[in-house]
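Novice:
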Amino acid sequence: MKLITISWRDIPSQVLVKAGRTKAKVQLSHRFQAAIDRAAMRAG
39 MKLITISWRD IPSQVLVKAG RTKAKVQLSH RFQAAIDRAA MRAG
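In my numbering, the protein residues as written are 39 to 82.
Structure follows, in structure tokens:
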């Protein structure tokens with residue numbers, strides 16, 4: 039089983055799990071997306 043965390047500038051946004059041919063993707067809670075949005079606005 040392989041666990042992958044997808045981040046945007048060190049802020050996690052998704053978790054991917056791969057086990058053989060089976061894949062699952064989970065979006066993290068809204069507060070992570072809000073943090074990414076705030077950081078993107080500051081970065082321009």
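C-beta: ideal position from N, C-alpha, C; glycine also.
Only counting the same chain, and skipping five residues up and downstream in sequence, which positions put a Cβ closer than 7 Å to that of A77?
Specialist: Closer than 7 Å at the Cβ level, and outside the excluded window around A77, lie R47, I49.
Novice: Got a sec? Which residues, its chain only, sit under 6 Å from V64 by beta carbon, not counting five neighbours each side?
Specialist: For V64, where only same-chain residues beyond five positions count, the Cβ hits under 6 Å are V53.
Novice: For Q71 versus S45, is the C-beta distance shorter than 8 Å?
Specialist: The answer is no: Cβ separation not under 8 Å.
Novice: Roughly how many angstroms lie between the CA atoms of R69 and R59, to the nearest whole one?
Specialist: Each residue's alpha carbon lies about 31 Å from the other.
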